[in-house]
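First to last, the sequence lines map onto chains A and B.
When you number the first sequence by our numbering, it's gap-free, plus one each residue, and the end is 280.
When you number the second sequence by our numbering, it's gap-free, plus one each residue, and the end is 280.
Note that the Cβ used here is the ideal one computed from N, Cα and C, for glycine as well.
2 protein chains.
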Amino acid sequence: MTSNESGRRRRGPYAKSAARREQIAQAALQVFGARGYRGGTVQDVADAAGMSQTSVLHHYPNKQELLIAALKRRDAVTDGTPGTGERFAQSIVEQAQFNEGAAELIELYAALCGESTTSDHPARSYFEARFERLRGEYGAEFEFMKSIGRLRPGVDPHVAGASLLALWDGIQVQWLLSPDDVDMAGTLKAYLDLVILPES
Amino acid sequence: MTSNESGRRRRGPYAKSAARREQIAQAALQVFGARGYRGGTVQDVADAAGMSQTSVLHHYPNKQELLIAALKRRDAVTDGTPGTGERFAQSIVEQAQFNEGAAELIELYAALCGESTTSDHPARSYFEARFERLRGEYGAEFEFMKSIGRLRPGVDPHVAGASLLALWDGIQVQWLLSPDDVDMAGTLKAYLDLVILPES
DNA sequence: GTCTATAACTGGATAGAC
DNA sequence: GTCTATCCAGTTATAGAC
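Spelled out as structure tokens, the structure:
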């Protein structure tokens, strides 16, 4: 028998439901990326997902949960852990190149990151935590490079970590507003080439 | 008679009116900085200015004009033209230090900059124009430095210009979210020290 | 010029039929 | 699970008294 201890077989439309939630999360990512959290409506998400507003709110209890679903989806696609040592710079640049082909993800990130600096924004703690984590990761990596003599003399590893993160976020915004005038991957590579010494 | 050709003397509360507009612009700057454009309401601006919502809309015809007034006010306070040559780096760092004491201005900038990447945002053209102008200005300055041999070999002046702008915007966001962990002026100085060679 | 009152509209969320 | 219908709160903007 497929019954479990509770005496009730869990069957039915669960697979479909999971697919539905995926579909909605993807729509939320698009909508909040294009219009921001406050600018996008649950109805917009419903339209993008091809269903009614009430169906959306059946799968996610409220608008905030939609936002969280969109951010989780972005993380799953975007945030690979960069390599270490030799591969660090290469990983960063590759990630940036990948992002150029996934404008939706960048839009979501840039729109929400700025919006989240305002009071009582549901994504504020997400970005606070993200920045703190990445500053730590990048800082540690530059510290390692310093220890093997690959960091340019005079460069503070943790300042470089925060700078790389800031540069990345800042250049993304410029790229969104003027994609033809800005080379994201090239700008990041230029900074890394400046800070990391070539193999001796 | 004091009547002029039109038969009506232009007198009365013009001075008071101008002061009122200033007062409202300042309130708009605070409100949109703290809550974003879409997150802030005309009523919020009215409350901050200590008057009714209709009074605010008497002086500015609609919400968009309030936003423009706030941005103009920010420009007037913040955007000094940086010096050239020797003084360029110094001006940038001084400006950043000044900004640390004017959090309201940074909040407005960061919140609206991210928000403006979304479609149909009233501040979008403002930021597009601003970025293009500053990339040009910074790029030209680094080009000049290159011409007098003060730019680090291998550094592209225009990439450096866009990078400085991106770094500045990015570090401001980090500073807003974690003011204790981030040193805006120090981070900018570190980048400039990296790119600009000391006087030989 | 400033106010009170309100019109006109939009948003998130819920109830209940199917 | 999904829909139609609806509720209610909040928003911009206008009308008209003083």
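Chain B has a Cβ within less than 7 Å of the Cβ of glutamate 195 of chain A.
Contact between leucine 146 of chain A and valine 125 of chain A is confirmed by a C-beta separation of about 6 Å, below the 8 Å threshold. Pairing leucine 268 of chain A with valine 157 of chain A gives a Cβ-Cβ distance that is not under 7 Å. In terms of CA proximity to serine 199 of chain B, A:Leu188 leads the group A:Gln133, A:Asp261, A:Ala242, A:Leu188.
Below the 8 Å Cβ cutoff, chain B contributes Glu208, Phe211, Glu212 as neighbours of serine 258 of chain A, in chain order. As computed with DSSP, leucine 231 of chain A is found in a beta bridge with A:Ile276. Put simply, the CB of isoleucine 276 of chain B is far from chain A, with every gap to its CB atoms at 7 Å or more. For isoleucine 148 of chain B, the closest alpha carbon among the candidates B:Phe178, B:Leu247, B:Gly160, B:Arg101 is that of B:Arg101. Arginine 153 of chain A: member of the alpha helix (DSSP H) spanning 143-158, first to last residue.
Here the stretch 178-186 of chain A does not lie against the stretch 201-210 of chain A, with fewer than 3 beta-carbon pairs under 8 Å apart. DSSP, read as helix, strand or coil, puts aspartate 236 of chain B in coil. The distance from the Cβ of leucine 245 of chain A to that of glycine 250 of chain B is about 7 Å, consistent with a contact at the 8 Å cut-off.
When DSSP states are grouped into helix, strand and coil, glycine 266 of chain B belongs to the helix group.
Contact of threonine 158 of chain B with chain A is not assigned, every C-beta pair being separated by 7 Å or more.
Identification of chain B residues near leucine 247 of chain A by a Cβ-Cβ cut-off of 8 Å yields Ser243, Ala246, Leu247, Gly250, ordered along the chain.
When the Cα atoms are used, threonine 197 of chain B and serine 132 of chain A turn out to be separated by approximately 27 Å. Contacts between arginine 101 of chain A and chain B, judged by CB atoms closer than 9 Å, are missing: the closest CB pair is about 25 Å apart.
The beta carbon of glutamate 195 of chain A lies closer than 8 Å to those of Gly116, Tyr117, Arg118, His201, Ala203 in the same chain, with the five residues before and after it left out.
Pairing glutamate 166 of chain A with phenylalanine 222 of chain A, the inter-Cα distance amounts to about 11 Å. Between the beta-carbon of leucine 231 of chain A and that of leucine 277 of chain A there is about 7 Å, and that keeps the pair under the 8 Å contact cut. Contacts with chain B at 7 Å (Cβ-Cβ) do not include alanine 105 of chain A. A Cβ of chain B is located within less than 7 Å of the beta carbon of threonine 198 of chain A.
Within the model, the alpha-carbon separation for glutamine 103 of chain A versus asparagine 179 of chain A is close to 21 Å. Per DSSP, histidine 138 of chain A is one residue of the alpha helix (DSSP H) stretching across 133-139. Shown here, alanine 169 of chain A sits in a helix according to DSSP, grouped into three states.
Residue contact check for glycine 181 of chain B against chain A: no CB pair falls below 7 Å.
When rounded, the separation of the alpha-carbon atoms in serine 171 of chain A and glycine 160 of chain A is 9 Å. Here the C-alpha atom of lysine 96 of chain A lies approximately 12 Å from the C-alpha atom of histidine 139 of chain A.
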